[in-house]
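Remarks on the structure that follows.
In the numbering used here, the protein residues as written are 9 to 203.
Structure below.
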């Protein structure tokens, strides 16, 4: 009996997350009504409040899920390569490509900084894709491919630049032009003559 209840709670939570994600991506945070999300997910409004306490709570959970998936996508692209430099480039390009995904654009890049606030949005970003970026930069510095330097400020600079570029792409900017600019920016970090 306890397992069935736990499974039912998990299924309810997942149904609310899926419906919330679809609606936040399509309509934007301010146009979503939690009661309508609950109804479309086939649960009561009370169940929605039990799992998330509010529309903001549901949104926060959706943002965390999308951030985690984006971090996994970036890491997976980077891991396709053995070469540390190519890992960095592939991960950065995967992040930029996320700007063409309407759900990522609307949920993570447009609504999340406003709804959650800058500090919370940055914390979520740091737990996912920004963490992978810092790890990649640390590995490149340790291998002598980029100058030995404090990684945190460099990671923040690159992360900010890529967030802005992803927003630009999401607004209709040319993804190929952004990739070329990114390659030139990254090339400036590389110590000349390193493999």
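Beta carbons are placed, not taken as given, at the ideal position from N, Cα and C, and that holds for glycine. Small disclaimer: the values here were computed from a predicted structure and weren't measured.
- Under the DSSP definition of a beta bridge, residue 154 partners with 198.
- Secondary structure at residue 62: coil, using DSSP grouped into helix, strand and coil.
- Selection 113, 183, 64 evaluated against residue 125 yields 64 as nearest (Cα-Cα).
- Distance from the CA atom of residue 87 to the CA atom of residue 195, rounded to whole angstroms, is 20 Å.
- A distance of 7 Å or more separates the beta carbons of residue 99 and residue 90.
- The DSSP-derived three-state label of residue 97 is helix.
- Along the stretch 105–149, the beta strand (DSSP E) does not occur as any fully enclosed run of 3 or more residues.
- Here residue 96 is actually not in contact with residue 174; their C-beta atoms are around 16 Å apart, not less than 8 Å.
- Under the three-state reduction of DSSP, residue 70 is assigned to helix.
- The residues 81, 82, 85, in chain order, have a CB closer than 6 Å to that of residue 102 in the same chain once the five nearest residues on each side in sequence are set aside.
- The shortest C-alpha to C-alpha distance from residue 135 to any of 187, 77, 169 is the one to 77.
- Of the residues 138, 115, 111, 107, the one whose Cα lies closest to the Cα of residue 186 is 107.
- In this structure, residue 46 lies near residue 56, with their beta-carbon atoms less than 7 Å apart.
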